[in-house]
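Asker: Residues 127 to 494 in the working numbering are what the sequence shown spells out, letter by letter.
Every residue gets a Cβ at the ideal spot worked out from N, C-alpha and C, and that includes glycine.
The structure displayed is predicted, hence computed values, not measured ones.
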Amino acid sequence: MRADSRIADHCERVFATAQDKLRRLVTSHPDYLPQYTRGGKWKHDGAPWTNWCQGFLPGQLWLLYLHSGDAFWRGKAERYCELIEARKDDRETHDLGFLFWHSWQRWHDLDGGARQRDVVIRAGQTMGLRYKEKGRYLSSFVAPESAFIDIMMNVGIMFYAARETDDAALYNCALQNCLTSRRYLVRGDGSAVHEGVFDLETGAFLRESTHQGWRHDSSWARGLSWAIYGFSTAYSFTRDPRFLQTACHCADYYILNTPAHGICPNDWREPNPDRPFEASAAAITSSGLQDLAGIVGDPLRARHYREYACRIMESLAAPAFLASDDREWEGLLKQAAYHERLGLGVDESTMFGDYFFLESAAKLLKLI
Ligand code: GLY
Numbered sequence: 127m128r129a130d131s132r133i134a135d136h137c138e139r140v141f142a143t144a145q146d147k148l149r150r151l152v153t154s155h156p157d158y159l160p161q162y163t164r165g166g167k168w169k170h171d172g173a174p175w176t177n178w179c180q181g182f183l184p185g186q187l188w189l190l191y192l193h194s195g196d197a198f199w200r201g202k203a204e205r206y207c208e209l210i211e212a213r214k215d216d217r218e219t220h221d222l223g224f225l226f227w228h229s230w231q232r233w234h235d236l237d238g239g240a241r242q243r244d245v246v247i248r249a250g251q252t253m254g255l256r257y258k259e260k261g262r263y264l265s266s267f268v269a270p271e272s273a274f275i276d277i278m279m280n281v282g283i284m285f286y287a288a289r290e291t292d293d294a295a296l297y298n299c300a301l302q303n304c305l306t307s308r309r310y311l312v313r314g315d316g317s318a319v320h321e322g323v324f325d326l327e328t329g330a331f332l333r334e335s336t337h338q339g340w341r342h343d344s345s346w347a348r349g350l351s352w353a354i355y356g357f358s359t360a361y362s363f364t365r366d367p368r369f370l371q372t373a374c375h376c377a378d379y380y381i382l383n384t385p386a387h388g389i390c391p392n393d394w395r396e397p398n399p400d401r402p403f404e405a406s407a408a409a410i411t412s413s414g415l416q417d418l419a420g421i422v423g424d425p426l427r428a429r430h431y432r433e434y435a436c437r438i439m440e441s442l443a444a445p446a447f448l449a450s451d452d453r454e455w456e457g458l459l460k461q462a463a464y465h466e467r468l469g470l471g472v473d474e475s476t477m478f479g480d481y482f483f484l485e486s487a488a489k490l491l492k493l494i
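1. Whose C-alpha, out of 248, 345, 324 and 369, is nearest the C-alpha of residue 308?
2. Roughly how many angstroms lie between the CA atoms of residue 186 and residue 326, to the nearest whole one?
3. Suppose contacts are defined by Cβ-Cβ distances below 8 Å. Is residue 477 in contact with residue 270 by that definition?
4. Which residues in the same chain as residue 174 place their Cβ atom closer than 8 Å to its Cβ, once the five residues preceding and following it in sequence are excluded?
5. Could you pull out every residue in the same chain whose Cβ sits closer than 7 Å to the Cβ of residue 467, ignoring the five residues on either side in sequence?
6. Among 240, 280, 191 and 273, which one has its Cα closest to the Cα of residue 253?
7. Which of helix, strand or coil does DSSP assign to residue 426?
8. Could you compute how far the alpha carbon of residue 428 sits from the alpha carbon of residue 244?
9. Between which residues of its own chain and residue 376 is the CB-CB distance below 6 Å, once the five residues before and five after are set aside?
10. What separation, rounded to the nearest whole angstrom, lies between the Cα atoms of residue 357 and residue 373?
11. Quick check: residue 484 and residue 140, are their CB atoms within less than 8 Å of each other?
12. By DSSP's criteria, residue 264 is part of a beta bridge. Which residues make up the other side?
13. Going by the C-beta, is residue 276 closer than 7 Å to any heavy atom of the ligand GLY?
14. Suppose you measure from the CA of residue 149 to the CA of residue 138; what does that come to, to the nearest Å?
15. Should residue 467 be counted as a contact of the ligand GLY given a C-beta to heavy atom distance under 7 Å?
16. Look at residue 286 and residue 250 and say whether their C-beta atoms are less than 8 Å apart.
17. Counting C-beta neighbours from all protein chains within 10 Å, is the total for residue 272 16 or more, i.e. buried, or is it exposed?
18. With a cut-off of 8 Å on the beta carbons, I'd call residue 442 and residue 408 a contact; round off their distance for me.
19. Which whole runs of the alpha helix (DSSP H) in the stretch 204-251 are 4 residues long or more, in chain order?
20. When you measure from the CB of residue 432 to every non-hydrogen atom of the ligand GLY, does any distance come out below 7 Å?
21. Just checking my contact of residue 412 with residue 439 at CB under 8 Å: how many whole Å lie between their CB atoms?
22. Between the alpha carbons of residue 166 and residue 388, how many angstroms are there, rounded?
23. Should residue 425 be labelled buried (16 or more other beta-carbon atoms within 10 Å of its own) or exposed?
24. Go ahead and pull the three-state DSSP assignment for residue 147.
25. Which value, in whole angstroms, describes the spacing of the CA atoms of residue 236 and residue 214?
26. Pull up the CB-CB distance for residue 450 and residue 143, whole angstroms please, since I reckon it's below 8 Å.
27. For residue 501, does the three-state DSSP call read helix, strand or coil?
28. Round the Cβ separation of residue 395 and residue 341 to the nearest angstrom and send it over; I've been treating them as touching at under 8 Å.
29. Helix, strand or coil for residue 136 per DSSP?
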């Protein structure tokens with residue numbers, strides 16, 4: 127079978143499995159917005175750590191609608207979007223891009239509605255309230271002195287809101303956060319720092335830190351995946367070549383440090399980890415690399431990134447990761463981790479892992 131049709135075949139299986147799993151989820155537990163599975167089940171009383179994943183279920187429902195054209199999925203996607211609308215004013219989270227970009231913005235892309243646009247703009251403006259002038263970063267939910275690499279996935283919504291409302295100040299907050307993240311949260315070798323801690327008085331960068339990696343100075347894989355994807359998005363909005371260069375630098379680190387199958391561990395620097403894989407980071411990277419391939423310009427690099435995205439997809443489509451043959455498993459993508467250090471959702475499915483797996487498949491099938 128030719129590589130293209132083999133990949134398309136894998137992507138169709140990912141969609142078929144997602145349809146099956148999500149139909150069960152939305153009918154067995156209506157209006158429930160889970161974050162990670164426990165023993166393969168979505169409904170449990172495990173701690174949330176923070177509530178950042180609620181946009182990924184409507185996001186998947188929109189992708190199923192795009193794939194099938196079935197009004198059932200559209201109805202569910204709209205319903206689950208409505209459930210999170212009030213969070214556009216949520217000042218407790220730095221994850222408003224995660225919440226609204228894949229859900230309400232997808233809805234707006236489909237319909238062009240003013241209400242959807244306004245909701246996304248409001249979320250982007252709320253995100254901008256996290257900006258710290260001293261230090262020039264958007265603070266994480268953890269503390270005012272904390273900046274996360276994850277926030278690179280949440281600046282796109284600010285650039286969008288700034289563009290739609292012609293708000294130069296908001297644009298500048300997003301831009302400065304990208305520059306600060308590039309300077310302090312991406313190292314010279316292309317690896318990513320999870321968290322930077324700043325002096326609130328002077329704005330000086332104090333130290334590297336992590337919540338989910340092995341050590342403060344190590345290399346948490348999902349953080350790098352967010353950087354690859356997030357700096358690609360920042361470049362798409364700004365056309366600032368520094369962000370494209372950083373996205374490539376991070377992508378090259380991922381590729382150089384990961385075995386040929388393309389599935390990373392939770393942290394590249396951890397010696398002899400208990401579990402070899404963090405599949406969600408691989409899925410995020412597969413999707414982010416496709417964006418990067420589309421903007422990088424150089425055809426050879428574009429091909430390299432696209433082929434690597436396909437390689438990840440081939441690996442993730444195997445039964446060890448894609449839960450197609452496991453009827454009892456309620457998630458889509460196995461061997462992901464929600465929060466390794468806290469022991470939450472480890473070697474499980476996560477809503478973000480499932481979302482980016484499906485999003486990567488949708489991009490490969492040219493649905494989005
Ligand atoms: N909060 C983002 C992450 O866990 O990757």
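Answerer: Let me spell this out:
1. Within the sequence shown, numbered from 1, the residue matching residue 308 stands at position 182. Of 248, 345, 324 and 369, the residue nearest in Cα terms is 369.
2. Taking the sequence shown and counting its residues from 1, the one referred to as residue 186 is at position 60. Taking the sequence shown and counting its residues from 1, the one referred to as residue 326 is at position 200. Those two C-alpha atoms are separated by around 39 Å.
3. Against the sequence shown, residue 477 aligns to sequence position 351. Against the sequence shown, residue 270 aligns to sequence position 144. Not a contact, by the Cβ cut-off of 8 Å.
4. Looking up residue 174 in the sequence shown gives position 48. Around residue 174: 161.
5. Sequence index remark: in the sequence shown, residue 467 carries index 341 (1-based). Excluding sequence neighbours, residue 467 sits near 337 and 338.
6. The residue labelled residue 253 in the question sits at position 127 within the sequence shown. When only C-alpha atoms are compared, the closest one is 280.
7. The residue you call residue 426 lines up with position 300 of the sequence shown. Helix, per DSSP.
8. To locate residue 428, count along the sequence shown from 1; it is residue 302. To locate residue 244, count along the sequence shown from 1; it is residue 118. If I take the Cα positions, the gap works out to 35 Å.
9. Reading the sequence shown from its first residue, position 250 is the one you call residue 376. Correct list, in chain order: 316, 350, 353 and 354.
10. Working through the sequence shown from its first residue, we reach residue 357 at position 231. Working through the sequence shown from its first residue, we reach residue 373 at position 247. One C-alpha to the other measures close to 5 Å.
11. In the sequence shown, the residue the question calls residue 484 occupies position 358. In the sequence shown, the residue the question calls residue 140 occupies position 14. Cβ atoms of residue 484 and residue 140: closer than 8 Å.
12. Here residue 264 refers to the residue found at position 138 of the sequence shown. Residue 264 is bridged to 257.
13. Looking up residue 276 in the sequence shown gives position 150. Under cutoff, so the answer is yes.
14. As a position in the sequence shown, residue 149 is number 23, starting the count at 1. As a position in the sequence shown, residue 138 is number 12, starting the count at 1. Spanning the two alpha carbons is a distance of roughly 16 Å.
15. Locating residue 467 in the sequence shown gives position 341, counting from the first residue. Not so, every heavy atom of the ligand GLY lies at least 7 Å from the Cβ.
16. As a first step, residue 286 must be located in the sequence shown, where it is residue number 160. As a first step, residue 250 must be located in the sequence shown, where it is residue number 124. In contact: residue 286 and residue 250 (Cβ atoms closer than 8 Å).
17. Counting from 1 along the sequence shown, the entry for residue 272 is found at position 146. Buried is the call here.
18. Counted from its first residue, the sequence shown places residue 442 at position 316. Counted from its first residue, the sequence shown places residue 408 at position 282. Contact flag correct, Cβ pair sits at about 6 Å.
19. 222-226 and 230-237
20. For the purposes of this step, residue 432 is taken as residue 306 along the sequence shown, with counting starting at 1. Result no, Cβ not under 7 Å from the ligand GLY.
21. The residue given as residue 412 occupies position 286 in the sequence shown. The residue given as residue 439 occupies position 313 in the sequence shown. That pair is a contact at about 5 Å.
22. Counting from one through the sequence shown, the residue named residue 166 turns up at place 40. Counting from one through the sequence shown, the residue named residue 388 turns up at place 262. One C-alpha to the other measures close to 24 Å.
23. Reading the sequence shown from its first residue, position 299 is the one you call residue 425. Flag for residue 425 reads exposed.
24. Along the sequence shown, one-based indexing puts residue 147 at 21. It is helical.
25. Translated into the one-based positions of the sequence shown, residue 236 becomes position 110. Translated into the one-based positions of the sequence shown, residue 214 becomes position 88. Their backbone Cα atoms lie some 20 Å apart in a straight line.
26. One-based indexing of the sequence shown puts residue 450 at position 324. One-based indexing of the sequence shown puts residue 143 at position 17. Yes, they are in contact, since the Cβ atoms of residue 450 and residue 143 sit about 4 Å apart, within 8 Å.
27. The requested residue 501 does not occur in the structure, where the chain is confined to residues 127 to 494.
28. Numbered from its first residue, the sequence shown carries residue 395 at position 269. Numbered from its first residue, the sequence shown carries residue 341 at position 215. Between residue 341 and residue 395 the Cβ distance is about 7 Å, and since that is below 8 Å, they are a contact.
29. Working through the sequence shown from its first residue, we reach residue 136 at position 10. Residue 136: helix per DSSP, three-state reduction.
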